[in-house]
Each structure stands twice: as structure tokens, then as C-alpha cells.
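154 is the number of the first residue of the sequence shown in this note's numbering; add one for each residue after it. Here a beta-carbon is modelled for each residue, glycine too, at the ideal position from N, C-alpha and C. So the structure is just underneath, and the comments pick up after that.
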Amino acid sequence: MTQFIEDVRVRPNAFWLGGKAQNADLGKTQSKAQIGARTRHIPNTRTLYQHGTLALLVPGLLDGTISMGELLAHGDMGIGTGEGLNGEIIILHGTPYQVRHDGSVVVVPDSFTLPFANAHWADFSTLCGIEDRSKSELAGWLPKATGLPNIFFAVTVTGRFSNMRTRAFAKQEQPYPTLEQTAQHQRLFTAESTEGTLLAYYSPQVFNGVAVGGFHMHYLADDHSIGGHALDFRIDHAQVAMQRFDTLQEHLPVASPSYSVHDFSDDDIAGAIARAES
Ligand SMILES: [Zn+2]
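See below:
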């Protein structure tokens, strides 16, 4: 009989290097001592992890159902929002920043919870330099230029933006309002000539509702003077890098009572996302 206290189950989606611990061992049970002695874990850079759906924000299912500590086990880059739509989250190189409704930027602790988030392990490839392009020009050009309109990918745009317009929601309390009600009280921020990093996730249109069909973009200035969900901008000059994914790992908040019983049939998911998130 297997002793689960003594043994650990090798995760089938992990990659292992060294010794005999190659593919033949995947799915088998090994002791911790064996694994520690001859294997090394390499993050899976081809998977985009998502907790929750954009759709659950629409009727106001805003309970925090994953902790930042758990989320960071799935990547060192990411975006999301806090419980109650508490600000805008951008994870850059393992550091989870929150752009708050008052415009301040803080690093959140592992105990911070989120209703919706994306994360992945960074393995970006430089695509090109880019100059003098609007958000809509970038968003229209990238899927065509890369030939990837039907797969998930992440993009970073790092450099100078001649203007930037972002927003951050204020934390809502129970009973939670709908996404569009909260959006009426969003705080807008603008800056001219800001340097920083835009992190965008692209989802094929068929996944609109699961995520934002097209691009979902968050920004953080290097000096933290502006950040949040990027509504509009113009690139002055920047470097564009991208990373494609072949797998979406969609994790649902199965332990959330409000999510479990909600009937989405009367929610205008696509309409609300288009009005509040694009
Ligand atoms: Zn956002």
C-alpha cells in the first residue's frame, strides 16, 4: 500500500531533468529523496494559467477565491484584480503590484485574494522595436503580424509612451454590484511621456467571456507614477516581446458558494465586457 506521507506524486505536467527521471517516470510515485537527488523542476512556459473567468465579474461574483501566494506558483508574470475589484494587479518578474483606486502602487502579500487572474512563466522572445503607434494600431497589427489570431499569447511593450490612460476600480463590499455598476465609479489616470512596461494577454475571440476576447492590457510605469488597466495609449518608442502558449489551464472557483449557484443565462457577458474591459 502506498504511503502518501513518505511519497510524492510526480505532477504529469512538470518537466524533469537529470538522471533517470525522464518522461518514462512521469505519473509514477517516487520518494522525495529520489526526486531531490536527481531531478530539477523547470517551469512550463507553454501554459497560460487563469483563475476564474471574466464572465464571473459581470454579475459581481467578486469574492477572492485564490491567494496571491497560490497564483505565484503558476507564474512570475500576470494580471488580475483583487477581491471586490480591489484595484488592478500586474505581476512583473515575480513581484505582484497593485495599482489602487487612489493611484498608489503597492506590493501585495501572499494572503491577498483575487476573483480573477492570469499568470504564466516568462519566456519572451523579442519581436521588434516599434515607434509612434496607438493602442488600436498595436492591437490590430500584432495578431496579423505574428500569424496568431487563434491562439493565446502574451506581449510586453517596454519603453516610452507619449501618453497613457489607465483605470483602477475601487474595492466594492458585499452585496457586490455588477461590473458595469462598479465601472461607473472607476478612477481614471492619465500621463504624458511615461516609461514603463505594458503586459498584455491575447485571447482568441471564441474565448470572449472566459477572458477578454482580444487583448487585456495592464501597465506599470517604471517610477510607479501611473499604472492600471490600460484603456488607451500611444507608444513613442518601445521594444515588443511575445510569448505564445499552446495550453490554457482554466481553474474555476469550485469552492465558492456564490459561483456554484449563479445562473449566468440572463447576464449580458459579451456586452458588459466590451463596455467595461476594452
Ligand atoms: Zn484589467
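Option nearest residue i by Cα separation, candidates the options
i    : options                : result
I232 : S315, W274, L214       : W274
D229 : G235, G247, L214       : G247
L207 : L224, T234, M221       : T234
L238 : G300, D216, V258       : D216
G349 : N316, A272, W294, T266 : N316
R387 : V310, P406, N303, A364 : V310
S289 : F368, A429, D399, Y329 : F368
G362 : E326, I422, R318, L405 : I422
P328 : E236, S346, K297       : E236
R286 : Q402, D375, H390, P410 : H390
Q392 : P406, L201, G312, D255 : G312
Y372 : G256, P268, T400       : G256
Q402 : A272, R253, S264, A344 : A272
H227 : E241, L214, R199       : R199
D376 : V252, A429, Y412, G293 : V252
S413 : L245, L214, P302, G240 : L214
R318 : A270, S264, A383, A292 : A383
T419 : P410, P302, L209       : The question names Thr, but residue 419 in the sequence shown is Asp. Per the Cα distances, L209.
I243 : G300, R320, A298       : R320
D399 : E241, K297, P302       : P302
F265 : M221, F277, G300, L245 : M221
T299 : T343, Q396, H254, F269 : Q396
L405 : G424, C281, A270       : A270
M370 : F360, P262, A292       : A292
Q339 : E430, L201, P249       : E430
S278 : E241, T347, G366, A394 : A394
T263 : L225, K297, V407       : Per the sequence presented here, residue 263 reads as Asp, with Thr not at that position. Comparing Cα positions, the closest option is L225.
L245 : A427, P410, G424, G381 : G381
V365 : F314, P196, S409, Q203 : Q203
E284 : V258, V407, Q325, F314 : F314
D385 : L280, A307, L351       : L351
Beta-carbon separation (whole angstroms), residue i vs residue j, contact threshold 8 angstroms
i    : j    : result
S356 : F305 : 6 angstroms
G331 : P212 : Just to set this straight, residue 331 is Thr in the shown sequence, not Gly. Rounded, the Cβ-Cβ distance is 6 angstroms, consistent with contact.
P249 : V260 : 6 angstroms
Reduced DSSP category for residue i - H, G, I as helix; E, B as strand; rest coil
i    : result
V414 : helix
Q183 : Model confidence at Q183 stands at a pLDDT of 46, short of 50, so the residue's coordinates are unreliable and nothing is read from them.
L210 : helix
H456 : Examination of residue 456 is not possible in this model, given that the chain is present from 154 through 431 alone.
G424 : helix
V365 : coil
A272 : strand
E403 : strand
V261 : coil
G237 : coil
G247 : coil
G222 : helix
F360 : helix
A394 : strand
T266 : strand
A383 : strand
A408 : coil
D389 : strand
P196 : coil
Got a list of residues with beta-carbon closer than 7 angstroms to any non-hydrogen atom of ligand 1, in chain order?
Per the CB criterion, closer than 7 angstroms to any heavy atom of ligand 1, the qualifying residues run in chain order as I232, T234, E241, H369, H371, H382, E430.
What ranges does the alpha helix (DSSP H) occupy inside the stretch 279 to 326, keeping only unbroken runs of at least 4 residues that lie completely in it?
Whole alpha helix (DSSP H) segments, 4+ residues: 288 to 299.
Let me know the alpha helix (DSSP H) ranges lying completely inside the stretch 324 to 354, each 4 residues or longer, listed in chain order.
Taking 4 residues as the shortest admissible run, the stretch 324 to 354 contains the following complete alpha helix (DSSP H) segments, listed from N- to C-terminal end: 332 to 336.
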